[in-house]
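Residues in the sequence shown are numbered consecutively from 922, following our numbering. Each residue gets a CB set at the ideal place from its N, CA and C atoms; glycine is no exception. Keep in mind it's a predicted model, so treat the numbers as computed, not measured. Worksheet for the structure shown next.
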Amino acid sequence: MFALTSRRLRGIARRVFGWQQLRPAQLSAMKAVMKGRDVLAVMPTGAGKSAVYQVPAVLLGGPVVVVSPLIALQRDQMQSLLGSGALRAAAINSAQRRSDNETAWARISASSVDVVFLAPEQLAKPDVTDRLAAVRPRLLVVDEAHCVSSWGHDFRPDYLRLRHARERLGNPPVLALTANAAAPVRRDIAERLGMNDPVEIVAGFDRPNIHLDVSTFQDAAAKERFVVERAAVEEKPGIVYAGTRRAADSYAEQLSDLGLSAASYHAGRPAAERARTQDRFSSGELDVVVATSAFGMGIDKANVRFVLHASVPGSLDAYYQEIGRAGRDGAPARAILAYRPQDLGLQRFFAAGAPDADALRRVAGRLRGEEGAVSATRLRADCDLGATALSAVLNLLEEAGAVRTGRDGSRFTGAAGTVGASADDDVDAAVQSALAVHATHRRLEQSRVDMMRGYAETTDCRRRFLLGYFGESVAVPCGACGNCTGPVAEFAAGFGRGRSETAGRPCKAATRQRRWTRAGGRAGGPADAVRAVETVARPAADDHPYLPGVLVRHDRWGQGEVMSEGDGKITILFESVGYRTLSLAVVTDKQLLAALPDSPR
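This is the structure:
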C-alpha cells in the first residue's frame, strides 16, 4: 500500500472532487486506508464518511467494493460519483435488469470500474465473489457497519457472512463505516468482520447545530394536530417520521391540503414511486416527506431544516440516525419528538417477536442428517420455507454456533462445536441455543425502548442523555435542547393536552443554565467555558470507579460496560439484559457492581 502525506490527500480531494478541505477524522482514516490497515470509522451523519473511501479509490489501482444495505442508497451514491465524474462506478443488485448487471460485470472485468456497490446478500453468492476475486479488490468497504453487530440497533444477519466473503475476495483491507456505534458495538463489528488490529477513529456523536425538542401528549388526536401544524410552520424542507404507513399517508394528505408540497414514502409504495419521491425531495421540489423509517438512509441533502417524529422510535440509535438527516450544512436545524407514552407499546410489540421453533428444528434436523453442506435451494424445498424465513432461521442458527454457511451451502457444526452420537440431542441443543440467542436480542431491544422513554421523559439536558447513551460525555447545559434553553415548545400548548417539555415545571438543566449565567457565563456561550463548569461539577475519579468505559460485573446480569454517569445515576450496557440505569448511591451502598481490573480509565 501507500504512505501518503496529508498534503497529497488534500490535493486529490480538492482537484478531483472539489472539496476545499478535509476534516481531521476523514484525513486520519484515509491515511490508515492507504497504509493497508483495517479501519473502523465512526462519524456523525453528514460528516463525509463516503469521502474516506472515495479519495483512496483514486489511488489504489484496483476496484473498491462497497457493501451497502439498501439499493436506494447504492443508487444515490453511484449517481453522485457518476455525476461528478470523479470515479467510475457500477452497481450489482436484484433491482436491475439482468442485462444491466451483465453490462456492469463486463466493465468490472475490463478494469473500467473504480467503485462497485453491492448489497450484502450479493456477496453470499459464490459466482459474485468469484468474479470479484478475479479483479483483485483493493479495499472492502462496509457501509452502515453497525448492521453487522448483534448489539447494534439495526442488526442485519446478512452482514454476518461478510467475513467469509472477505476471505473469498483475497482478504483485502476492510473499511467499516457507521454513524452510531458505541464501544461495545465497535468491538463486535471488528470481531465479526475479522478485522486485524483495526485503526479506530471516532469523530464524536454530537451535532451541536441540531436543537433537541420534545412535546408530550396524552391524547392521540391532539398529537396529530400538533404534528401537522408544527410541520407546516417549521422552516422547510423537512422530514416527518410516522410510525405506520397509514399514518404517513394521512399526514402527507393533511399537509398537502394546507398547500404544502408533501408526499409519503414507505415500503407499501411501488419502487418507482419511492424513487420519484426521493428524487423530488433531493431536488427541492418537495417541502416535506412523511415517511416510515424506510426513508432517509443515504439521503445526501444538506439543507434539511427539521426532522419531526410523529411517533416515538424504538431506540435512541434509530432516533439519532434519523435526526442526523437535519442540518448537514451546519446551519441551525431542529429535531422535534411528539411523544405519547402509549406509543411505546407498539415498539415493545416489535421488540417482543419470537422465532419459529418448529422451523429451527426442521432446518437443524435436515442439516444434521447430511454429512456435507446443503444448498439454500434444497433447504427451502426440503423444509417448506420461503427464502426470507429460511435466511432468518439460518442466521439465528449460525449466530448460535450450530451452523456454518459457506460457498457450498450450510452445514451442521453442533451448538457446542461438535456433533454428538444422538441426532435428536444435537438438534435439541442447536434449537435451544438459537432460542437463547434470540432471547438475548429481545431483552436488548426492549431495554432500548426503555432508554428511548428515558430520553423523552428526562428533565435533565437531553443532549447529555442522548450522547451519554453512546458513551460520550457532554457539557451541561448544552444550550441547544429544550431542557437547557427553557420552554421552546410552547407551540404544543394550543393542542389540547399537549405540553412543552419545560412548561409548568422546574427544569434541572435550565436551572443549571441560570446558575452558570449568574456566575459570569453567557447562555449558549463558548464551549470551553461550559466544559469548565462541567469539569467542576462532575465527581472526582476517585469518588467511585464507575466512569464511562469501565467494565463491570453484576451478580445477576453479568458483565457490562458503563456508558454514561451523571446526576447520581449510571447507565450500563450489559451483555445479557441490555441497558440498565442504576442509582449510584444504591450501587455503592449495596456493592451491586464490581469494576473489572482491565477496564480502561
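Query, Result
"Spatially closest choice to Asp1140 from Gly1159, Ser1203, Arg1261 and Leu1098, by CA coordinates", "Arg1261"
"Residue-level contact to chain C via CB, Ala1183, 9 Å cutoff", "Note that chain C does not occur in the displayed structure, where there is just one protein chain."
"7 Å CB neighbourhood of Leu1517 in its chain, flanking five on each side removed", "Leu1472, Val1473 and Arg1474"
"Pick from Ala1054, Ser1485 and Met1373 that is closest to Phe1391, judged by C-alpha positions", "Ser1485"
"Assigned secondary structure, Tyr1080 (DSSP; H/G/I helix, E/B strand, else coil)", "helix"
"Rounded C-alpha distance that separates Phe1202 from Ser1005", "20 Å"
"Close-in-space but distant-in-sequence residues of the same chain around Asp1303 (CB under 7 Å, 5 per side omitted)", "Arg1287"
"In DSSP terms, what Glu871 is bridged to", "The displayed coordinates of the chain run from 922 to 1522. Any statement about residue 871 would go beyond what the structure contains."
"Segment contact, 8 Å Cβ cut-off, at least three pairs: the stretch 1109-1119 with the stretch 965-982", "no"
"Burial state of Pro1191, where buried means 16 or more other Cβ atoms lie within 10 Å", "exposed"
"Local Cβ density within 10 Å of Leu1002, reported as buried at 16 or more and exposed below that", "buried"
"The stretch 1115-1129 / the stretch 1084-1103 touching (three or more Cβ pairs under 8 Å)", "yes"
"Start-to-end residues for the beta strand (DSSP E) that takes in Asp1134", "Ile1131 to Thr1137"
"Rounded separation between Arg1433 and Pro1129 - CA only", "Bear in mind that the predicted position of Arg1433 carries a pLDDT of just 41, short of 50, making it unreliable; the figure below should be weighed with that in mind. Roughly 19 Å separates the two Cα atoms."
"First and last residue of the uninterrupted beta strand (DSSP E) at Leu1481", "Residue 1481 is actually Gly in this sequence, not Leu. First-last of the beta strand (DSSP E) with Gly1481: Gly1479 to Gly1487."
"Ordered list of beta strand (DSSP E) runs contained in the stretch 1008-1070, each at least 3 residues", "1010-1013, 1036-1039 and 1060-1063"
"Residue from Val988, Ala1011 and Arg1383 with nearest C-alpha to His1132", "Arg1383"
"Residues bridged to Glu1121 (per DSSP)", "Leu961"
"Supposed close pair Ala1285, Ser1331 - CB separation, criterion 8 Å", "Actually they do not touch by this definition, with Cβ atoms about 10 Å apart."
"C-alpha gap between Val1395 and Leu1388, whole angstroms", "7 Å"
"Beta-bridge pairing of Cys1402 - partner residues as DSSP gives them", "Leu1133"
"First and last residue of the uninterrupted beta strand (DSSP E) at Tyr1241", "Looking at the DSSP string, Tyr1241 is not in any beta strand (DSSP E); the run it does join, the alpha helix (DSSP H), is Leu1237 to Ile1244."
"Cβ contact check for the stretch 1028-1038 and the stretch 948-957: 3 or more pairs under 8 Å", "no"
"Enclosing alpha helix (DSSP H) for Ala1143 [first to last residue]", "Ala1141 to Val1154"
"As assigned by DSSP and simplified to three states, the class of Arg1332", "strand"
"Ile1122 beta carbon less than 9 Å from that of Val1225", "no"
"Bridge-paired residues (DSSP) for Ala1355", "Answer by DSSP bridge pairing: none, since Ala1355 is not bridged."
"Where Ser1070 falls, given that 16 or more other Cβ within 10 Å makes a residue buried", "buried"
"Contact between the stretch 989-998 and the stretch 1045-1053 (3+ Cβ pairs under 8 Å)", "no"
"According to DSSP, residues forming a beta bridge with Lys1490", "Gly1487 and Ser1504"
"Best match in Ala1239, Glu1243 and Ala1153 for proximity to Leu1207 [C-alpha to C-alpha]", "Ala1153"
"Cβ separation of Val1210 and Tyr1186, assumed to be a contact under 8 Å, to the nearest whole Å", "5 Å"
"Beta-carbon proximity check, Arg1151 vs Thr1213, cutoff 9 Å", "no"
"Other residues of its chain near Leu1318: CB distance less than 7 Å, five sequence neighbours each side excluded", "Leu1281, Val1284, Ala1285, Val1324, Ala1351 and Ala1355"
"Continuous beta strand (DSSP E) stretch holding Val1210: start and end", "Val1209 to Ala1212"
"For His1475, three-class secondary structure by DSSP", "strand"
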